[in-house]
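Chains as they are written, first to last, in numbering that gives the first Met the number 0: chain A, 0 to 363; chain B, 0 to 363; chain C, 0 to 363. From the three backbone atoms N, C-alpha and C, an ideal C-beta is built for every residue, glycine too. Because the structure is a prediction, the values reported are computed rather than measured. Note sheet for the following structure.
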Amino acid sequence: MTSPSQNLSDDKQAQVSIRAQELAHMVEGELFGNPDIVLTHLAPIEEGSSGSLTFIRAQSFAKHWENSGCQAALVTKGVDVPNHNPDQRALIFVPDADLAIVQILRVLDPGIESPPIGVHPSAQIDPGARVDPTASVGPGCVICKDATVGPSVVLIANVYIGKNSSVGSDTFIHPGVVIGDRCTIGQRGLIFANSVIGSDGFGFLTPTDTRPVTKVPQIGSVEIGDDVEIGACSTIDRAKFGATKIGNRTKLDNQVHIAHNCIVGDDVLLCGRTTLGGSATIGDRSLIGGAVVLNDQARVGKDVKIAGGAMVLDEIQDGETVLGVPAMPSRTALANVAAQRNLAKFCRRVDKTLKKLDDTYTTS
Amino acid sequence: MTSPSQNLSDDKQAQVSIRAQELAHMVEGELFGNPDIVLTHLAPIEEGSSGSLTFIRAQSFAKHWENSGCQAALVTKGVDVPNHNPDQRALIFVPDADLAIVQILRVLDPGIESPPIGVHPSAQIDPGARVDPTASVGPGCVICKDATVGPSVVLIANVYIGKNSSVGSDTFIHPGVVIGDRCTIGQRGLIFANSVIGSDGFGFLTPTDTRPVTKVPQIGSVEIGDDVEIGACSTIDRAKFGATKIGNRTKLDNQVHIAHNCIVGDDVLLCGRTTLGGSATIGDRSLIGGAVVLNDQARVGKDVKIAGGAMVLDEIQDGETVLGVPAMPSRTALANVAAQRNLAKFCRRVDKTLKKLDDTYTTS
Amino acid sequence: MTSPSQNLSDDKQAQVSIRAQELAHMVEGELFGNPDIVLTHLAPIEEGSSGSLTFIRAQSFAKHWENSGCQAALVTKGVDVPNHNPDQRALIFVPDADLAIVQILRVLDPGIESPPIGVHPSAQIDPGARVDPTASVGPGCVICKDATVGPSVVLIANVYIGKNSSVGSDTFIHPGVVIGDRCTIGQRGLIFANSVIGSDGFGFLTPTDTRPVTKVPQIGSVEIGDDVEIGACSTIDRAKFGATKIGNRTKLDNQVHIAHNCIVGDDVLLCGRTTLGGSATIGDRSLIGGAVVLNDQARVGKDVKIAGGAMVLDEIQDGETVLGVPAMPSRTALANVAAQRNLAKFCRRVDKTLKKLDDTYTTS
Numbered sequence: 000m001t002s003p004s005q006n007l008s009d010d011k012q013a014q015v016s017i018r019a020q021e022l023a024h025m026v027e028g029e030l031f032g033n034p035d036i037v038l039t040h041l042a043p044i045e046e047g048s049s050g051s052l053t054f055i056r057a058q059s060f061a062k063h064w065e066n067s068g069c070q071a072a073l074v075t076k077g078v079d080v081p082n083h084n085p086d087q088r089a090l091i092f093v094p095d096a097d098l099a100i101v102q103i104l105r106v107l108d109p110g111i112e113s114p115p116i117g118v119h120p121s122a123q124i125d126p127g128a129r130v131d132p133t134a135s136v137g138p139g140c141v142i143c144k145d146a147t148v149g150p151s152v153v154l155i156a157n158v159y160i161g162k163n164s165s166v167g168s169d170t171f172i173h174p175g176v177v178i179g180d181r182c183t184i185g186q187r188g189l190i191f192a193n194s195v196i197g198s199d200g201f202g203f204l205t206p207t208d209t210r211p212v213t214k215v216p217q218i219g220s221v222e223i224g225d226d227v228e229i230g231a232c233s234t235i236d237r238a239k240f241g242a243t244k245i246g247n248r249t250k251l252d253n254q255v256h257i258a259h260n261c262i263v264g265d266d267v268l269l270c271g272r273t274t275l276g277g278s279a280t281i282g283d284r285s286l287i288g289g290a291v292v293l294n295d296q297a298r299v300g301k302d303v304k305i306a307g308g309a310m311v312l313d314e315i316q317d318g319e320t321v322l323g324v325p326a327m328p329s330r331t332a333l334a335n336v337a338a339q340r341n342l343a344k345f346c347r348r349v350d351k352t353l354k355k356l357d358d359t360y361t362t363s
Numbered sequence: 000m001t002s003p004s005q006n007l008s009d010d011k012q013a014q015v016s017i018r019a020q021e022l023a024h025m026v027e028g029e030l031f032g033n034p035d036i037v038l039t040h041l042a043p044i045e046e047g048s049s050g051s052l053t054f055i056r057a058q059s060f061a062k063h064w065e066n067s068g069c070q071a072a073l074v075t076k077g078v079d080v081p082n083h084n085p086d087q088r089a090l091i092f093v094p095d096a097d098l099a100i101v102q103i104l105r106v107l108d109p110g111i112e113s114p115p116i117g118v119h120p121s122a123q124i125d126p127g128a129r130v131d132p133t134a135s136v137g138p139g140c141v142i143c144k145d146a147t148v149g150p151s152v153v154l155i156a157n158v159y160i161g162k163n164s165s166v167g168s169d170t171f172i173h174p175g176v177v178i179g180d181r182c183t184i185g186q187r188g189l190i191f192a193n194s195v196i197g198s199d200g201f202g203f204l205t206p207t208d209t210r211p212v213t214k215v216p217q218i219g220s221v222e223i224g225d226d227v228e229i230g231a232c233s234t235i236d237r238a239k240f241g242a243t244k245i246g247n248r249t250k251l252d253n254q255v256h257i258a259h260n261c262i263v264g265d266d267v268l269l270c271g272r273t274t275l276g277g278s279a280t281i282g283d284r285s286l287i288g289g290a291v292v293l294n295d296q297a298r299v300g301k302d303v304k305i306a307g308g309a310m311v312l313d314e315i316q317d318g319e320t321v322l323g324v325p326a327m328p329s330r331t332a333l334a335n336v337a338a339q340r341n342l343a344k345f346c347r348r349v350d351k352t353l354k355k356l357d358d359t360y361t362t363s
Numbered sequence: 000m001t002s003p004s005q006n007l008s009d010d011k012q013a014q015v016s017i018r019a020q021e022l023a024h025m026v027e028g029e030l031f032g033n034p035d036i037v038l039t040h041l042a043p044i045e046e047g048s049s050g051s052l053t054f055i056r057a058q059s060f061a062k063h064w065e066n067s068g069c070q071a072a073l074v075t076k077g078v079d080v081p082n083h084n085p086d087q088r089a090l091i092f093v094p095d096a097d098l099a100i101v102q103i104l105r106v107l108d109p110g111i112e113s114p115p116i117g118v119h120p121s122a123q124i125d126p127g128a129r130v131d132p133t134a135s136v137g138p139g140c141v142i143c144k145d146a147t148v149g150p151s152v153v154l155i156a157n158v159y160i161g162k163n164s165s166v167g168s169d170t171f172i173h174p175g176v177v178i179g180d181r182c183t184i185g186q187r188g189l190i191f192a193n194s195v196i197g198s199d200g201f202g203f204l205t206p207t208d209t210r211p212v213t214k215v216p217q218i219g220s221v222e223i224g225d226d227v228e229i230g231a232c233s234t235i236d237r238a239k240f241g242a243t244k245i246g247n248r249t250k251l252d253n254q255v256h257i258a259h260n261c262i263v264g265d266d267v268l269l270c271g272r273t274t275l276g277g278s279a280t281i282g283d284r285s286l287i288g289g290a291v292v293l294n295d296q297a298r299v300g301k302d303v304k305i306a307g308g309a310m311v312l313d314e315i316q317d318g319e320t321v322l323g324v325p326a327m328p329s330r331t332a333l334a335n336v337a338a339q340r341n342l343a344k345f346c347r348r349v350d351k352t353l354k355k356l357d358d359t360y361t362t363s
């Protein structure tokens, strides 16, 4: 008998397989169709071929099933899937198809290659650093004086941990990550390659008649909560004084920039290339799209949704959904965007009428 | 006799020289002017001094020749260059001045300092990795289990190649690049420093009443074609399942971000800081300006041109040229931008007329 | 007696303390209030608790003093602070509160952990490189042939210095920075982690009927002046030929991108994620906000201010303040933005009137 992890494969792995009935059992779903179909890989519903498993999370996807090349689908209960042939194909109904797919992906996940437990001989550990014996410290890592690396932490390779910084247990750090001095990283974190935490905030007194450009020393720190994910090539600056803070379970995509003294709450999602200016704040559970810009000191409330590409100048109240440059409540913004799309045409039309009017006034 | 590479120098190299006639011979051009002028460096046409060579790619540049300090120019055939004094200066006519300059730059290119063939003693090569004996693996590189490094590959320093990943022959990788597990890089690629390929896609189920934020495992891979160039600090995420794909001969500038499951075609150019959301696609030969944002699942056709700073929300048809936020066909967009530039003024004018009208209606 | 650096502490340091009178003496300020208050840390004026020191740079901050939890404040002379109780709290008047805080931060600054003077045994120094004996070269650094590392330079770890490049005295380079071949870095510079200087410019001849996409060799260099600061994950490309130039005392934030052949003047500030297209220029003392985009060949004058998120298409004259997409003089731009915020509403109103008019014309 094979273990579940050998049962359904991704492109780059050996082709293995699972029967529809076994799959239904694994996700505790209700099978409606052929139990003996053999599934070997995941595929989008518009594609698929022999052995493909797909998913139908909502009613809008169900219409694709008829012409899909996939042989089985995980379906959210309540969705009506027309034209299903249960003799040849299989539907597996579950409370939440997205969650079921996550469950399958977890089983299939080959994991990331990690160095063995212990310290690689090429890593440089300061005698004053505390590295837990269950941590894995890969080649080329540098751990400075008074730094702490907790139990089961993984530093893949060429990771730098500055003086007096700490990494909580079970945190996994990819190659090339640089954590400056005096930073705190929580437990079960995941930091992707070449991100930088704890670089100086961009603080300068701009020139006036009586002084030149003057650097403001950035003596604060960065504090990152538990279960935080940070994408590749992201940057989080240390505070001028005090701390730049990222809450628990918050997730940053690649190339996100968090400036000095920002406070980001719990359970926040920040998509790719989003930038926070100095001292900006974001409340719990807010969802921030990609390439968003928050002005210095912008204040975003809790449960806010900000669409990709928006620019926030000042304040967004709790629970609002905003978009645009500058960001506005979505209803107003969408109406304005629609008006902008036709602006030139609209102006020409108005111009014409105004001219006619002017003529009327002039000639009357 | 000196080799061509010693004949015309850039700022930081020793001053060497080539006669106009030799140069004309090298680029197979037609000399019109003094064959004995000695050229020592390249310069823009508005600048230049004794020994400067410049180029006149199109008629619009030709007017600068009269007052240019340059002593010679490569000129695209058919361009008329007024006020040329052939006794003192030299014009060399070629079918395509841009291509001739490329030819000269190739000859002058001092190349990049590379480690010698073989594996540096400080590099860490897993016993299960396959490194071709003609590859150059520099100091601090880490090559994981079952990874393949092809013939004549150069890894300058501190490059990380994950488990089961492969790098095709003649690919040149700058320091600090991180290639995650299960990624495929084609032949003759060029990857600049600190780029990251194969970090996790940013996939989370957002919280609902019945579930917290949930990470979607990203078990797919990245597949990069042949002759691809990737700029510094760019990031390409692995797919949720399946593969994120970059086509042959496609070029990415610095700080470009490609999210999970994107499909970028062949011969595409993506300028600096452009961001692709999840599952976005771009067709062959499209040219994407800098700081462009493609929404999740945006579909850009073939032969599309997108101006810098544009935001693509949904779909751009084959062959279109678009710009703006949101991106629109350039003619409409330019008209709208022009209208926006005068919007406040226009509104004031309309306001005034409307008020006058209201008065008319009220008083009549 | 304790040294000044032990007198006032930040979060992560041991709690030490300074009396208000001593502090006034240190910053050469005039004390108005209780000389014996003991200060232990810095805090924002809206927060603060026992031992907190804050600052009141301008009149607008003074109103917060009454309800602030802080026990002392540095105040710019001339600011009137209402409801001050000098028995229990202390105000210290100085010519410039911002500068006084900088003075205090300098004293408190714990500095950055650096490797000792000399070359770490794991660093790779080419026999042809010149490393000053007073430089500190940390673990994993690679210094190529004919490179020069000046007196008192610090390379923390895993820094790469290419062939023929030079780093001026007292420059401090964080981990993972990559400096390509033939680049010049001035004195007293500060470069944060994982930045890349000297990657190839993004130069390609786009395809035409007679040629495919063709790489234009980028054989130039990068020249960076003295006292320059470069943020984390920033990228500065080498020139096609000649040099990409950054002037003296210019400061770049994180994730800034400077393309090939750009010329940035002296004393310029470039905030986070700003992008310069090829051959763009910026004059001395200009202040550029975050996420700004300069088009290829855009020309920004001296003493220009550009607001965050702006896009510069062509030219900004000396001394102008601009904002918006595309960037316009701030007065016009703000008026246009205000008009855009109400655009849909305005259009509906105009539409209504125009219809009424049309009816009038039709029925009359």
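If the criterion is Cβ atoms closer than 8 Å, does the pair residue i and residue j meet it?
| i | j | result |
| --- | --- | --- |
| LEU286 (chain C) | LEU268 (chain C) | yes |
| ALA99 (chain B) | LEU73 (chain B) | yes |
| ASP266 (chain A) | THR280 (chain A) | no |
| CYS182 (chain C) | SER164 (chain C) | yes |
| ASP317 (chain C) | ASP295 (chain C) | no |
| VAL195 (chain B) | PHE191 (chain A) | yes |
| LEU204 (chain A) | VAL227 (chain C) | no |
| VAL292 (chain B) | THR320 (chain B) | no |
| ASP61 (chain B) | LEU38 (chain B) | The amino acid occupying residue 61 (chain B) in the given sequence is Ala; Asp does not appear at that position. No. Outside cutoff. |
| GLY276 (chain B) | GLY289 (chain A) | yes |
Terminal residues of the continuous alpha helix (DSSP H) containing residue i?
| i | result |
| --- | --- |
| ALA61 (chain C) | 58–61 |
So if DSSP puts residue i in a beta bridge, which residue, or which two residues, is it bridged to?
| i | result |
| --- | --- |
| LYS162 (chain A) | Beta-bridge pairing links LYS162 (chain A) to no other residue. |
| THR243 (chain A) | A:VAL221 |
Under DSSP, the beta strand (DSSP E) around residue i begins and ends at which residues?
| i | result |
| --- | --- |
| VAL74 (chain B) | 71–75 |
| SER198 (chain C) | 195–198 |
What does residue i reach in chain E if we use C-beta pairs closer than 8 Å?
| i | result |
| --- | --- |
| GLN339 (chain C) | No chain E is part of this structure, whose protein chains are labelled A, B and C. |
Taking all protein chains shown into account, do 16 or more other C-beta atoms lie within 10 angstroms of the C-beta of residue i, making it buried, or fewer, making it exposed?
| i | result |
| --- | --- |
| ALA57 (chain C) | exposed |
| GLN217 (chain C) | buried |
| ALA337 (chain A) | exposed |
| GLY110 (chain B) | exposed |
| ALA19 (chain B) | buried |
| ILE116 (chain A) | exposed |
| GLY77 (chain A) | exposed |
| THR53 (chain A) | buried |
| GLN87 (chain C) | exposed |
Please compile the residues from chain B whose C-beta is within a distance smaller than 9 Å of the C-beta of residue i.
| i | result |
| --- | --- |
| LEU204 (chain C) | ASP95, ASP97, LEU98, VAL101 |
| LYS250 (chain A) | PHE201, PHE203, VAL212, LYS214 |
Given that residue i touches chain A, what residues does it touch there, using C-beta distances under 7 Å?
| i | result |
| --- | --- |
| PHE345 (chain B) | CYS346 |
What residues of chain A sit near residue i, judged by a beta carbon separation below 9 Å?
| i | result |
| --- | --- |
| GLY139 (chain B) | SER121, PRO138, GLY139, ALA156, ASN157 |
Taking Cβ-Cβ distances shorter than 7 Å, what residues in chain C pair up with residue i?
| i | result |
| --- | --- |
| ALA258 (chain A) | GLY271 |
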